[in-house]
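In the working numbering, the protein residues as written are 6 to 334.
Spelled out as structure tokens, the structure:
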């Protein structure tokens, strides 16, 4: 079968497209014919070796895929041949990736695509959507009526956070460019602010009690600014880093006001967290939610270039790879 793979970690040029053996289907596996694969920033970290995880070479890249079931292991009864399914936790921790014509997925990591949902849009949404769902449910343990500030809310994770938090009954505050205000308001933002202004002053004035949960999706807001905005007992979640990889904050003030800083990366999510997030996402997908990403669709042969674009920060659209150029609409 054709696959995009690496024989060692390194630059995007390490990615090769070639023939690999068909995957072995164990008793608890589902074999899918891959329809589409999303390219995520974490894929570039794994390929480059900066995210340390167990890899077996040749290693097939990619973690999020949609495909059609073509066979199941003898212990699998939840799925049958012809089912359209998705997965979002392959390609790390000893599991081969999914940028291949066929992929064998542990059944516990396979979920059905809801009826009438565009499979490419779903593939684009699952990484950022699951990140948002786990942040809200497990990192924040968010409660209805609480406040959430999403900085950089027009990005992939930001938009998913806005929608899910709004649906959970939170008051959602966002920062973005003014041109994104209308979309974010439609998705659930109660108060959009221009990130290029001194938005923290305005937010502090409107919410003097502080904000319960804060996420900076860009890494561009000073940590002390967010700690100043945070309510007592509140949490700032870090899901990215500033360009300098450094933050300064006033430590005594931080611990004496009972505030929290939590780091989160979805690659450390537990299987149960991923499964619960999948239920949340499929509920939203079936309602037509979370599926607004703009796509850039290319063939598997584009994989190395896709990694180069993400590493350089040169792609605003969500990159989706399909097996061959003939499958691009």
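Just so it is clear, CB atoms sit at the ideal spot from N, CA and C, and this is done for glycine as well.
Under DSSP, the beta strand (DSSP E) around residue 22 begins and ends at which residues?
For residue 22, the uninterrupted beta strand (DSSP E) run begins and ends at 21–24, by DSSP.
What does DSSP give as the partner residue(s) for residue 200 in the beta ladder?
Paired residue(s): none; residue 200 is not in a bridge.
To the nearest angstrom, how far is it from the Cα of residue 191 to the Cα of residue 63?
45 Å
What are the start and end residues of each continuous beta strand (DSSP E) run of 3 or more residues lying completely inside the stretch 211–246, in chain order?
Counting only runs of at least 3 residues, the stretch 211–246 fully encloses the following beta strand (DSSP E) elements, listed from N- to C-terminal order: 216–221, 235–243.
Identify, in the order they occur along the chain, each residue of the same chain with its Cβ nearer than 7 Å to the Cβ of residue 30, setting aside the five sequence neighbours on each side.
36, 76, 78, 109
At least three beta-carbon pairs within less than 8 Å, the stretch 44–53 to the stretch 21–30
no
Rounded to the nearest angstrom, what separates residue 71 and residue 171 at their Cα positions?
27 Å
Of the residues 119, 74, 55, which one's Cα is nearest the Cα of residue 285?
119
Does the structure place the stretch 114–131 close enough to the stretch 206–219 that three or more beta carbon pairs sit under 8 Å?
Segments in contact, no.
Beta-carbon within less than 8 Å of residue 230's beta-carbon, same chain only, minus the 5 sequence neighbours each way: which residues are those?
205
Could you pull the start and end residues of the beta strand (DSSP E) that residue 323 belongs to?
Residues 323–327.
Just to confirm the assignment: which complete beta strand (DSSP E) runs, minimum length 3, are found wholly within the stretch 93–154?
107–111
Alpha carbons only, please: which of 289, 275, 234 is nearest the one belonging to residue 262?
234
Less than 8 Å between the C-beta atoms of residue 8 and residue 104, yes or no?
yes
What does DSSP give as the partner residue(s) for residue 38 in the beta ladder?
73, 107
Pairs of beta-carbons, one from the stretch 235–246 and one from the stretch 267–282, closer than 8 Å: are there three or more?
yes
For a minimum of 4 consecutive residues, which ranges assigned as the alpha helix (DSSP H) are wholly contained in the stretch 158–195?
Correct list: 161–173, 186–192.
Alpha carbon to alpha carbon, how far is residue 267 from residue 133? Give it in angstroms, no decimals.
The alpha-carbon atoms of residue 133 and residue 267 are separated by roughly 18 Å.
Mind checking residue 18: buried by the 16 CB within 10 Å criterion, or exposed?
exposed
From which residue to which residue does the alpha helix (DSSP H) around residue 314 run?
308–317
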